[in-house]
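Residue numbers for the sequence shown follow the working numbering, so the first one is 821 and each next one is one higher.
C-beta atoms are modelled at their ideal positions from N, C-alpha and C, and glycine is treated no differently.
Since the structure is predicted, the reported quantities are computational estimates derived from the model, not experimental observations.
Beneath this line is the structure, given in structure tokens, with notes to follow.
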Amino acid sequence: MTLDEALTALSAQIEPGRAEGQARYHKQSREVLGIPNPALNDLTKSWRQSLSVAERVDLADQLWQTDIFEARISAAKLLTQARLRPDEDAWHLIQSWVPQFDSWAIADHACMAGQKRLIADPARLDAVERWTTSDHMWTRRAALVITLPWTKQNHPKPDDLARRERILGWAESYADDPDWFIQKAVAWWLRDLSKHDPARVRAFLDAHGARLKPFAQKEAGKYLADGV
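Okay, here's the thing in structure tokens:
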């Protein structure tokens, strides 16, 4: 599939009158076509089924470079799959996108693709850890969003518990960050973890919760029995 063919397929899914509202909601200055997410899901699913891994990586790269809102989301969806072999090129491409993040919707879809690659090879957390000291807020935020799978394990093995603690260390380093999106990401990570290990989240909040913004404290403790 060529880039032109992909863009034509995307354009066929435009919902008249949707683009302006989407651009406003997502605070986008880039071109927004106005395509519902279910349509993007259907399109990218069919592309994943018909293209080789190498072809998908190439098309994802080209779609991302258009800087069209839905094209960037489609690029991420093309690479969001647990079984992707080989996956080194996909992982390198996803990493290359991170410094370009400038809004949550595109960033979160790209991080969902990255989550699959981290689960496939947790040694890649070494690369993610370097993001935590970036001057770019969206890169720092991505370090928590891309590691959300480690909040969802009911019976983590020792290695995964160690990874969880490592990431909680990153969250602790963010506690004093005044940026709303960083505070929200810390709260998101803790809130999701609290569904599986409430005691660990309570311990984190007891130790560091006072450093978080009040809204982040509240969100982090949303599912704890006694709140925050």
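{"query": "Residue of E985, K1033 and R892 minimising C-alpha distance to Q848", "result": "R892"}
{"query": "Cβ neighbour criterion (16 or more within 10 Å) applied to T822", "result": "exposed"}
{"query": "Inter-residue CB distance, L968 and D1026 (contact presumed, cutoff 8 Å)", "result": "23 Å between Cβ atoms; not a contact."}
{"query": "Cβ neighbours of R1031 in the same chain (closer than 6 Å, five flanking residues each side left out)", "result": "A995 and D996"}
{"query": "Alpha-carbon spacing of T971 relative to Q935, whole angstroms", "result": "12 Å"}
{"query": "For T959, the first and last residue of its enclosing alpha helix (DSSP H)", "result": "M957 to V965"}
{"query": "Cβ shell of D928 (< 7 Å), same chain only, five flanking positions each side left out", "result": "V965"}
{"query": "Where Q848 sits in the DSSP three-state scheme", "result": "coil"}
{"query": "Backbone CA spacing between S916 and T952 [nearest angstrom]", "result": "16 Å"}
{"query": "Supposed close pair R850, F889 - CB separation, criterion 8 Å", "result": "6 Å"}
{"query": "Residue burial classification, Q1022 (beta-carbon count within 10 angstroms, cutoff 16)", "result": "A small fix is needed here, since residue 1022 is Arg in this sequence, not Gln. By the neighbour-count rule (16 or more Cβ atoms within 10 Å), R1022 is buried."}
{"query": "Helix, strand or coil at S872 [DSSP, three-state]", "result": "coil"}
{"query": "H929 - containing alpha helix (DSSP H), residue span", "result": "W924 to A940"}
{"query": "When H956, L945 and S954 are compared against E985, the one with the closest alpha-carbon", "result": "L945"}
{"query": "Extent of the continuous alpha helix (DSSP H) to which T1058 belongs", "result": "Since the displayed the chain opens at 821 and closes at 1048, residue 1058 lies outside it and no answer follows."}
{"query": "Assigned exposure category for H975 - 16 Cβ within 10 Å defines buried", "result": "exposed"}
{"query": "Residue range of the unbroken alpha helix (DSSP H) whose run includes I1002", "result": "W1000 to S1014"}
{"query": "Straight-line gap, G841 to I834 (C-alpha atoms, nearest Å)", "result": "13 Å"}
{"query": "Residue interval of the alpha helix (DSSP H) (run including W951)", "result": "L945 to W951"}
{"query": "Cα-Cα separation, Q973 to L883", "result": "33 Å"}
{"query": "Under the three-state DSSP convention, the category T900 falls into", "result": "coil"}
{"query": "Option nearest M957 by Cα separation, candidates W1000, N857, D941 and A1040", "result": "W1000"}
{"query": "Residue nearest to L899 in terms of C-alpha spacing, selected from T864, S923, R960 and D824", "result": "T864"}
{"query": "E1039, DSSP secondary structure in three states", "result": "helix"}
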